[in-house]
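Under the working numbering, read the sequence shown as residues -14 to 235, first letter to last.
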Amino acid sequence: MEYLRDLVSERAFTGETMLLNMGPHHPSTHGVLRLLLELDGEEVITCLPDIGFLHTGIEKNIESKTYEKAVTLTDRMDYLSPMSNNTVFCMAVEKLAELDVPERAQVIRVIGLELSRIASHLVWLGTHAIDMGAMSVFLYAFREREMILDMFEMLSGQRMMGSYMRPGGVWRDLPDEFLPALTKFLAYFPGKVDDYERLLTKNPIWIDRTQGIGVIEPDLALAWGLSGASLRGSGVNWDIRKAMPYSGYE
């Protein structure tokens, strides 16, 4: 306990607050993460994260791989959005090698990236909702995600971690069955987003468990390097696809 004396309040040593280990295995973390929490009743007043459980040494592994083989490792950096990590690595290789990516490949990349983004958001939305007690949203979100994973299988032969992006472009052109499936999804999905909104926005349980809790002010969000929806949710109007377009978003 002594090593914690400078990290938590003195009240933890008098019994006024409680120290609680959340993780490294816990149903609400959806990954291996340990959080040492100091609780005052139901209020978390101190949180000490231990992130080492997820260290995979990917950078070191890539040192002994060819550029092509290294792409498969970037899939594992975020299995919910593997195409994003594929693309970032490929862009770095292309910059170093001064490679030009054909326009068609750029467009295909954008399609894959946006589908990957939607699939990733559906996971956090669904798992977040079920943690809050809204099971229906979880089932609906994963139902729509299945449609995207089916399209990924068409592209790469695998539903997840397909290593579809490659230095200089993509693994292969769009198969014949892909565009009809994409067209069907684009006509179907916007209405489902409206369904999620109806199920959550006025849900009193969801509101009570989220409103005013875990607020991150804009300055703190920038200091901590938040990005994407987390940064915009903190009041910072920033979308890198618009502010600094890349790989076909221009």
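Beta carbons are placed, not taken as given, at the ideal position from N, Cα and C, and that holds for glycine.
For residue i, three-class secondary structure by DSSP
{"i": "Pro230", "result": "coil"}
{"i": "Arg61", "result": "coil"}
{"i": "Met117", "result": "coil"}
{"i": "Leu18", "result": "coil"}
{"i": "Asn70", "result": "helix"}
{"i": "Thr112", "result": "helix"}
{"i": "Ile47", "result": "helix"}
{"i": "Val221", "result": "coil"}
{"i": "Leu84", "result": "coil"}
Closest by C-alpha distance to residue i, when choosing among the options
{"i": "Ser215", "options": "Thr72, His10, Arg151 and Trp109", "result": "Trp109"}
{"i": "Gly16", "options": "Ala55, Tyr64, Ala90 and Phe137", "result": "Tyr64"}
{"i": "Thr2", "options": "Glu27, Thr59 and Glu129", "result": "Glu27"}
{"i": "Ile30", "options": "Asp224, Ser232, Leu21 and Gly213", "result": "Leu21"}
{"i": "Arg144", "options": "Pro230, Met68, Gly213 and Met229", "result": "Met68"}
{"i": "Val56", "options": "His40, Gly37, Glu79 and Phe38", "result": "Glu79"}
{"i": "Gly111", "options": "Gly118, Val122 and Arg102", "result": "Val122"}
{"i": "Glu53", "options": "Thr41, Val155 and Gly8", "result": "Val155"}
{"i": "Asp158", "options": "Met62, Pro87, Glu182 and Pro9", "result": "Pro87"}
{"i": "Val92", "options": "Asp180, Met150, Leu171 and Glu83", "result": "Met150"}
{"i": "Arg94", "options": "Phe137, Gly0 and Gly218", "result": "Phe137"}
Contact under 9 Å by Cβ, residue i with residue j
{"i": "Pro34", "j": "Leu24", "result": "no"}
{"i": "Cys75", "j": "Pro152", "result": "yes"}
{"i": "Ser271", "j": "Ala104", "result": "The question about residue 271 has no answer, for the chain in this structure spans -14 to 235."}
{"i": "Leu184", "j": "Tyr125", "result": "yes"}
{"i": "Val73", "j": "Thr59", "result": "yes"}
{"i": "Leu100", "j": "Ile47", "result": "no"}
{"i": "Thr195", "j": "Met117", "result": "yes"}
Assigned exposure category for residue i - 16 Cβ within 10 Å defines buried
{"i": "His113", "result": "buried"}
{"i": "Gly97", "result": "buried"}
{"i": "Ser141", "result": "buried"}
{"i": "Asn70", "result": "buried"}
{"i": "Leu5", "result": "exposed"}
{"i": "Tyr173", "result": "exposed"}
Residue i: CB within 8 Å of a non-hydrogen atom of the ligand COA
{"i": "Leu159", "result": "You won't find the ligand COA in this model; it holds no ligand whatsoever."}
- Minimum length 4: unbroken alpha helix (DSSP H) runs contained in the region 137 to 203: 163 to 185 and 189 to 195
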